[in-house]
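In terms of UniProt numbering, the sequence shown opens at residue 1 and continues consecutively. Virtual Cβ for every residue (Gly too), placed ideally from N, Cα, C.
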Amino acid sequence: MKIQIDEVYIQRMIDRLAEMHEPGTLYARRSFTEVYRKSREWLKEEMRKLGLSVSVDRAANLIGLYGSVPGDSAGLVGGEKAVWAIGSHTDTVANGGRFDGIAGVVSGLAVVKALSEAGYRLKRPLAVIDFLAEEPCAFGLSTVGSRGMAGRLSPEMLRYEDDAGRTLAEGIQAMGGDPSKLTQPLCSSDEVKGFLELHIEQGPVLEKEGLDIGIVTGIAGIRRYRVTVTGEQGHSGTVPMTMRKDALVAASEMVTRIHQLARHASESAPCVATVGVLDVGPNHANVIPGRVTFTVETRSIDASTLANLSWGILQQVKDVANSHGVTSEFISLSETSPVTSDPHLLDILHQSAASLGLTKTELPSGAGHDAAQMASIAPTAMVFIPCRGGLSHHPDEFSTYEQVARGASVLAEAIVRLNEEEDNA
């Protein structure tokens, strides 16, 4: 049976979500904002139009269930059968675009629409999930919803605060979740048979090589840290250069050394390190900076490389602090281990793309995804589609609706093949 993905539906959904953005931006819709909340209310109605049973779990993930039994709601989906799940996110970074994450959620809904219109009967339910706050949010954490589903939101994380002093727990509750019950995974492999995620590549490989599909072999691990450097604040005109304890000078050398260390490490194994946030205090032209806080993010597909790079950065921070006569504090904010995709699901995706006549390749993901969290509770794999110029986290990020539809077709074919395996079991 041929399952036909509706490209017009995909375009309508992506375009409508793009219209729901924060004032003064083209497409930005950050998690926990009012426009994000309203967009999810709209998405709930769109799920219901497809006949899905809609719920919000304790981590405030929005779940639409296809093929469920009304009133059967234990765990993720309830019932005696574990579900197949397709998911991603609809939040964006500040000044972000309209395809990152959104293409994955819309593709999941397009798969449901296609299966329903074809009258194709699944042996087990199919869940489409819009995970809460995949992007780094106001509380300093990313993949919030999928972390919660996997039981990886620690009590300490739930106490993280935004600039207004609101805790992450309060934010989750405001989005319809129940943070008081997030100490254990919300579901397990007994409830989720497997998880698939479609995403724009966020890199240039597929476009450059003229390929339709990327089948993701693994997802890089990510560690994020906050470094606070404390020196001695003073008058910029009266303290001699030789007697200063300038926190910014020390922090600047730390940033340079972090960059140099990561460049050297990347010559032997793929890895990166980034300082993306730097806050100087008191931040006045005539005052020697007394305190600097900055973030460090390390990524690698290899666990030992990631650990060694992170340890090396800690040592560099300590060495620089000592040489400048300042103090340093190095705090871990979050840690996600590298993930290897499930071999059987990879094989199914290869078969699916080939049967559709699509060109493909295998590649790792240097970006983090909700799939990385889901891998701790279920077999997981991802599909990449090309994006123009490899651009992402930018208003100009772009994939054609045809490219999104091709990726959704691979997901639909994969679900059909997985379903038929159960017939033959």
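Query: Residue environment, tryptophan 84, which counts as buried when at least 16 other CB atoms sit within 10 Å; Result: buried
Query: Alpha-carbon to alpha-carbon, leucine 411 and methionine 382; Result: 9 Å
Query: Completely contained beta strand (DSSP E) runs for the segment 203-238, where each covers 3 or more residues; Result: 213-219, 221-230
Query: Segment limits, beta strand (DSSP E) that includes arginine 291; Result: 291-300
Query: Residues of its chain near valine 239, where Cβ-Cβ distance is below 8 Å and the 5 sequence neighbours each way are ignored; Result: Ile288
Query: CA nearest to the CA of glutamate 19, picked from Lys49, Tyr66, Thr90, Ser399; Result: Thr90
Query: The segment 180-196 touching the segment 306-313, judged by at least three CB pairs closer than 8 Å; Result: no
Query: Length-filtered (4 minimum) alpha helix (DSSP H) runs lying within the segment 73-142; Result: 102-118
Query: Separation of alanine 353 from aspartate 178, as counted between CA atoms; Result: 39 Å
Query: Same chain only: Cβ atoms within 8 Å of valine 56, ignoring 5 sequence neighbours per side; Result: Leu62, Ile63, Met175, Gly176, Gly177
Query: Contact check, leucine 216 vs proline 364, beta carbons under 8 Å; Result: As written in the sequence, residue 216 is valine, which differs from the leucine given in the question. Yes.
Query: Every unbroken beta strand (DSSP E) within the segment 326-370, with a cutoff of 3 residues, ordered by chain; Result: 327-336, 360-365
Query: Methionine 47 to alanine 94 span [Cα, whole Å]; Result: 26 Å
Query: Given 8 Å, three or more beta-carbon pairs between the segment 324-335 and the segment 260-269; Result: no
Query: Presumed contact (8 Å Cβ cut-off) between leucine 65 and leucine 52, rounded CB distance; Result: 6 Å
Query: Candidates Ala127, Val128, Gly145: closest to glutamate 135 by CA position; Result: Gly145
Query: Per-residue burial, methionine 241 [other beta carbons within 10 Å of its own, 16 or more giving buried]; Result: exposed
Query: Isoleucine 14 versus alanine 103: straight-line alpha-carbon distance, rounded; Result: 7 Å
Query: Extent of the continuous alpha helix (DSSP H) to which histidine 264 belongs; Result: 247-265
Query: Extent of the continuous beta strand (DSSP E) to which alanine 321 belongs; Result: Looking at the DSSP string, alanine 321 is not in any beta strand (DSSP E); the run it does join, the alpha helix (DSSP H), is 303-324.
Query: Beta carbon of leucine 211 nearer than 8 Å to that of lysine 113; Result: no
Query: Distance, alanine 285 Cα to cysteine 387 Cα; Result: 42 Å
Query: Beta-carbon gap between alanine 250 and serine 300 smaller than 8 Å; Result: no
Query: Alpha-carbon to alpha-carbon, valine 106 and isoleucine 129; Result: 10 Å
Query: Beta-carbon gap between arginine 12 and histidine 21 smaller than 8 Å; Result: no
Query: Span separating the alpha-carbon of threonine 230 from that of glycine 290; Result: 6 Å
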